[in-house]
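In what follows, a structure is listed as structure tokens, so that the remarks can point back to it.
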Ligand code: SAM
């Protein structure tokens, strides 16, 4: 069965009386080459565990099942569960969990699978993400310290552009700095909107986020680093002197000293700072606020 064929999707809809849900971001892939590129691009090998987010009717799941030792797919829509039982019947290494990915303890799944001996290799997260929650899904995995090697996911092109943007670029923002702190980022594919059913309004792209084994900068206080990024980009047109005032309880005068000690001109804007510079600012702010709190 060609799962990705529009005629298959139409047939499944009719037999199961299934309606595609816009609010769940259900835009299914109908192009075999994109499916192959996501699974191949994820680097999935025969000893690996794949965690798939939002399998839909199982197009990526079936491809992953052929490449990996084990596949766990997390799908929120209970109406898709009997459909997936049919479309994935031939694969004995796949399990579908009917759950919200945002409420799923992914590290527990990984630990349980490892303990059960169902895989011995890497952990690959893949998916054609429901676009309405792209950022919460990615940031949730990263902030919770997901024990995976990579996250290879399709998203709106505009979001992909922001995530992969370099400092100085107009699209460089808090999400770029945050994701790039946890991962190196590579684009696997640019995907036109025509390959989906139903067709979304915008084009897509597939990014592979390689989770860093070691952090790229040394931080005194990780939370403060993210607070600086948030404050800096929260008012991105303001100078750093103004946008960072108040961070860690520091006054404008103190932020000026922090920036000078970090070697950053206070009139620069957040979008011009690279990761090492953000780290320098955050570390100086941490020292200063600690000194202040210690009297
Ligand atoms: N993988 C399929 C494909 O590429 O054709 C479907 C992708 S579709 C863009 C997104 C899928 O994520 C849908 O099946 C949708 O029901 C599911 N989904 C939406 N919100 C979810 C959530 N919070 N947790 C898990 N799955 C979710």
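In our numbering, the protein residues as written are 26 to 320.
Yeah, the Cβ is synthetic: ideal placement off N, Cα and C, and Gly gets one too.
Check                                                                                                                                                                 : Outcome
Quick one: grab the DSSP three-state call for residue 166.                                                                                                            : helix
Alpha carbons only, please: which of 147, 153, 69, 71 is nearest the one belonging to residue 83?                                                                     : 153
Would residue 296 and residue 193 be called neighbours here (beta carbons separated by less than 8 Å)?                                                                : yes
Helix, strand or coil for residue 126 per DSSP?                                                                                                                       : helix
Quick check: what's the CA-CA separation for residue 94 versus residue 147?                                                                                           : 10 Å
With H, G and I counted as helix, E and B as strand and the rest as coil, what does DSSP make of residue 53?                                                          : strand
Between the alpha carbons of residue 142 and residue 72, how many angstroms are there, rounded?                                                                       : 11 Å
Regarding residue 135 and the ligand SAM, is the C-beta to nearest heavy atom distance less than 7 Å?                                                                 : no
What is the DSSP secondary structure of residue 76, counted as helix, strand or coil?                                                                                 : strand
Check the C-beta distance from residue 15 over to residue 59 and give it rounded, since I have them as a contact under 8 Å.                                           : Since the displayed the chain opens at 26 and closes at 320, residue 15 lies outside it and no answer follows.
Using 8 Å for Cβ pairs, my map puts residue 63 next to residue 200. What's the rounded Cβ distance?                                                                   : Rounded, the Cβ-Cβ distance is 21 Å, inconsistent with contact.
On the three-state DSSP scale, how would you describe residue 64?                                                                                                     : helix
Apply the 10 Å Cβ neighbour rule to residue 51 and answer buried if 16 or more other Cβ atoms are within range, or exposed otherwise.                                 : buried
Which residues does DSSP pair with residue 214 in a beta bridge?                                                                                                      : 231
Taking 7 Å as the line, does the beta carbon of residue 169 fall inside it for any heavy atom of the ligand SAM?                                                      : no
For residue 10, count neighbouring Cβ atoms within 10 angstroms of its own Cβ and tell me buried if that reaches 16, exposed if not.                                  : Outside the shown range of the chain (26 to 320) lies residue 10, about which nothing can therefore be said.
Could you compute how far the alpha carbon of residue 155 sits from the alpha carbon of residue 68?                                                                   : 22 Å
Could you check if residue 99 belongs to the surroundings of the ligand SAM, using beta carbon to heavy atom distance under 7 Å?                                      : yes
Using three-state DSSP, classify residue 172 as helix, strand or coil.                                                                                                : coil
Could you give the uninterrupted runs of the alpha helix (DSSP H) lying entirely in the segment 82-113, keeping only those of 4 residues or more?                     : 84-92, 106-112
Here's a check: name, in chain order, each residue in its chain whose Cβ is nearer than 7 Å to the Cβ of residue 234, leaving out the five neighbours to either side. : 175, 176, 204, 208, 210
Can you check whether the CB of residue 222 is closer than 8 Å to the CB of residue 312?                                                                              : no
Please say whether residue 123 and residue 100 have beta carbons closer to each other than 8 Å?                                                                       : yes
Give a yes or no on whether the C-beta atoms belonging to residue 285 and residue 269 are separated by under 8 Å.                                                     : no
Enumerated in chain order, which unbroken segments of the alpha helix (DSSP H) with a length of 4 residues or greater are wholly contained in the segment 214-286?    : 247-259, 265-269, 277-286
Taking the beta carbon of residue 149 as the centre, do at least 16 other beta carbons fall within 10 Å, making it buried, or is it exposed?                          : buried
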